[in-house]
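Encoded as structure tokens, the structure appears first; notes follow it.
Residue numbers (mature numbering (1 follows the signal peptide of the UniProt record, and there is no 0)): -21 to -1, 1 to 140.
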């Protein structure tokens, strides 16, 4: 039977022969291409292939970790990865693991994890009495650092007595 298999990042047009139970031998050749840098479509899901140095090279799609995900969708045919359930926030779907700051109130910080949005409020400590005015998108005021004035030194006397 003839299959296209990925082996060490290069497409091989291969034939698989069953030698013994659960043991296979691959034989084949590298697939050539001519349009350097162009994406090459293959009939294998979960791989992205490009033409590089006149040969088709593929990388397997990387999947985001679902270790800290409470609810996730199992991968199904046509999908490569399990996917953590995102969050619905103010009418928008947000991917799990995304963090953002409210543009109208930059002291509000949000995070979506497995369908749950958490909000944290940043508290500022301003150690000076006259901080710089806040700029748009800035949460905490900034104090100007005091730079010590150079002290006058007495002139150096290079004369020898």
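Backbone N, C-alpha and C fix where the C-beta goes; we use that ideal spot for every residue, glycine too.
Endpoints, beta strand (DSSP E) assigned at residue i
i           : result
residue 147 : The structure shown does not extend to residue 147, since the chain spans only -21 to 140, so no value can be given for it.
residue 87  : 87 to 92
residue 23  : Here residue 23 belongs to no beta strand (DSSP E), and DSSP marks it neither H nor E.
Span separating the alpha-carbon of residue i from that of residue j
i          : j           : result
residue 39 : residue 22  : 13 angstroms
residue 90 : residue 107 : 31 angstroms
residue 15 : residue 25  : 21 angstroms
residue 69 : residue 53  : 26 angstroms
Per-residue DSSP class, three states only, for residue i
i          : result
residue 59 : coil
Beta-carbon proximity list for residue i, same chain, < 6 angstroms, skipping 5 on both sides
i          : result
residue 72 : 65
residue 80 : 88
Residue i classed as buried or exposed, judged by whether at least 16 other C-beta atoms fall within 10 angstroms
i           : result
residue 36  : buried
residue 109 : exposed
residue 92  : buried
residue 59  : exposed
residue 95  : exposed
Spatial neighbours of residue i in its chain, beta-carbon cut-off 8 angstroms, leaving aside the 5 residues before and after
i           : result
residue 117 : 85
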